[in-house]
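A.B. asks: Under the working numbering, the first residue of the sequence shown is numbered 2, with each subsequent residue one higher.
Every residue gets a Cβ at the ideal spot worked out from N, C-alpha and C, and that includes glycine.
Below: one structure in structure tokens.
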Amino acid sequence: MKDFFDEIIGHEDVKKELMIISDMLSNPQEYQRLGAAMNEGVVLSGKPGTGKTTMANCLIESTGRKAYIIRKKDPDGQFIKTIASVFEEARKNAPSIVLLDDFDKFSDKDAEKCDAEEFVTVQSYIDESKEYDVFVIATVNDIRKIPDSLLRAGRLGKRLRIGLPKKDEAVEIIKHYLDKSGRCDDLDAKSIARILDGESCATLENVINNAAIKAAYNRQEKVAMQDIVDSCLDLIFGSPEGTEELSAEARKKVAYHEAGHAVVSELLDSGSVSLISIRKCHGDYGFVRYSRSDVNEDFSSEYNEKIIKASLAGKATTELVFGETDMGANADLHNAFKRAKHLIDNQCMFGFQSWIEDENSVVAAENRNRAMAMLLEKNYLEVKKMLVEHRELLDRMAAELVEKTTLLYSDVQRIISDAKSEISVV
């Protein structure tokens with residue numbers, strides 16, 4: 002028996018809800034027998050590229066019903082007529098399904114919850130179609146634009162939130178796209194997923210497709226891991242190939258700076274580094290991509306201090322290795338100060354004297370700045386101590402980064418494992 006929902010990878014809770022709706026549409030007598038009323042419609046909401054339309058199509062196909070799709074193409078006046086004619090056609094051919102794709106774009110008005118003519122027309126036709134067997138599915142990027150009157154029970158009363166893929170889901174999605182390609186053997190799906198942590202399904206697919214384009218242009222037999230890495234760097238980080246503009250000394254300094262970030266982050270949160278590169282990204286050389294826990298630890302002082310330490314590690318490394326001030330640490334310092342301000346203002350880490358009701362007063366600013374400086378100095382000293390104690394690991398990471406330009410999650414873990422093995426042997 003065909004699994005109509007096999008295109009949906011992960012999102013098990015959403016998939017289960019869609020299967021229930023499908024069964025209700027296909028076997029209404031079983032639900033009527035127990036007095037369960039049919040929902041008139043469902044909304045799939047989430048960021049662009051999360052697979053909402055794919056999920057809607059899976060649901061439609063599973064029911065075998067004739068489907069009618071409405072997308073905003075026509076000018077406003079003509080579009081109202083299109084909505085009306087599609088609903089009338091769906092009623093004539095009931096049981097049927099109407100898919101309102103990108104429903105939040107039906108109206109050009111910017112106001113939230115507006116009573117635009119397009120929404121009023123859809124609402125009227127949903128109400129008038131209740132005596133027919135017409136089920137309505139809507140996909141939306143911004144559900145705030147949809148009036149509450151449309152989202153109530155009896156209209157589009159069922160809401161399913163489609164989030165970005167979680168870490169394990171991203172690995173399975175990438176494996177799926179690699180298998181579909183058929184020319185991507187022996188690629189490290191876990192490392193790819195970590196580089197693309199927090200990206201949409203559409204982005205994952207686009208990266209792999211772009212890698213296949215690179216491989217085809219180079220007349221390769223198969224897509225290689227380097228094609229995937231280059232595709233990620235190009236599409237996600239805006240990072241072109243090559244660091245030939247850098248002198249050997251500058252290349253070494255960038256490598257040590259980024260290796261410092263990676264080493265400290267791994268010591269504090271094992272497995273958190275997804276990628277390190279000395280390629281140019283948004284105008285500056287070098288960056289580290291992190292993949293932290295799905296659990297929201299933002300309110301933990303321990304978690305915030307880990308971020309502060311990792312942010313300060315590049316500057317501390319440059320000072321430790323080269324004995325000079327790092328002039329490329331501006332963004333890192335801003336991130337560290339932002340986290341420090343969060344701990345001082347929101348969590349009263351150094352007592353209530355740094356938290357004053359009038360936060361814009363001179364006294365509050367002085368107390369806050371003094372406490373932030375104390376917190377950053379404390380963490381900076383601890384970071385330098387960590388780097389001294391793990392200098393061998395730092396040197397290994399920087400040397401391999403100079404040689405390879407970019408290191409993946411698997412590379413980072415191998416370097417750490419090798420360093421631990423040699424220390425244990427000694």
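When the cut-off is 7 angstroms and only beta carbons count, does residue 142 lie next to chain C?
C.D. replies: Looking at the structure shown, chain C is missing, and only one protein chain is on hand.
A.B. asks: Candidates 220, 222 and 264: which alpha carbon is nearest residue 390's?
C.D. replies: Nearest C-alpha to residue 390: 264.
A.B. asks: Could you tell me which residues DSSP puts in a beta bridge with residue 80?
C.D. replies: Answer by DSSP bridge pairing: none, since residue 80 is not bridged.
A.B. asks: Just list the residues that DSSP pairs residue 160 with in beta bridges.
C.D. replies: 44, per the DSSP bridge assignment.
A.B. asks: Given a threshold of 16 other Cβ atoms within 10 Å of its Cβ, counted over all protein chains shown, does residue 470 qualify as buried or as exposed?
C.D. replies: Outside the shown range of the chain (2 to 427) lies residue 470, about which nothing can therefore be said.
A.B. asks: Going by the CB atoms, is the gap between residue 372 and residue 345 shorter than 7 angstroms?
C.D. replies: Yes, the pair counts as a contact, with Cβ atoms nearer than the cut-off.
A.B. asks: What are the start and end residues of each continuous alpha helix (DSSP H) run of 4 or more residues lying completely inside the segment 236–278, in chain order?
C.D. replies: DSSP runs (the alpha helix (DSSP H)) wholly in the segment 236–278: 249–269.
A.B. asks: List the whole-angstrom C-beta distance separating residue 141 from residue 15, where the pair is believed to meet the contact cut-off of C-beta under 8 angstroms.
C.D. replies: Not confirmed; about 15 angstroms, so no contact.
A.B. asks: For residue 337, which of 328, 248, 316 and 292 has the nearest alpha-carbon?
C.D. replies: Ranking 328, 248, 316 and 292 by Cα distance to residue 337 puts 316 first.
A.B. asks: Taking DSSP's pairing of strands, which residues face residue 511 in a bridge?
C.D. replies: In the structure as shown, the chain starts at 2 and stops at 427, and residue 511 therefore has no counterpart that could be examined.
A.B. asks: Any contact between the segment 71–79 and the segment 187–196? By contact I mean 3 or more CB pairs, one from each, below 8 angstroms.
C.D. replies: Result no; under three Cβ-Cβ pairs closer than 8 angstroms.
A.B. asks: Note down the Cα distance separating residue 380 from residue 340, rounded to an integer number of angstroms.
C.D. replies: In a straight line, the C-alpha of residue 380 is about 12 angstroms away from that of residue 340.
A.B. asks: Apart from the five residues on each side of it in sequence, which residues of its chain come closer than 7 angstroms, Cβ to Cβ, to residue 166?
C.D. replies: Correct list, in chain order: 11, 174 and 202.
A.B. asks: Assuming residue 88 contacts residue 126 (C-beta within less than 8 angstroms), just tell me the rounded distance between them.
C.D. replies: Contact flag correct, Cβ pair sits at about 4 angstroms.
A.B. asks: So, at 7 angstroms on beta carbons, what are the nonlocal neighbours of residue 172 in its own chain, with the 5 sequence-adjacent residues on each side left out?
C.D. replies: Around residue 172: 190, 191 and 194.
A.B. asks: Applying the 10 Å Cβ sphere with the 16-neighbour rule, what's the burial state of residue 306?
C.D. replies: Buried: at least 16 other Cβ atoms inside 10 Å.
A.B. asks: For residue 290, which beta-bridge partners are listed by DSSP?
C.D. replies: In DSSP, residue 290 forms a bridge with 276.
A.B. asks: Got a sec? Which residues, its chain only, sit under 6 angstroms from residue 314 by beta carbon, not counting five neighbours each side?
C.D. replies: These residues qualify, in order along the chain: 261, 262, 265 and 384.
A.B. asks: DSSP on residue 71, reduced to helix/strand/coil?
C.D. replies: Residue 71 falls in the strand class under three-state DSSP.
A.B. asks: Within 10 Å of its beta-carbon, does residue 21 have 16 or more other beta-carbons around it, so buried, or fewer, so exposed?
C.D. replies: Exposed.
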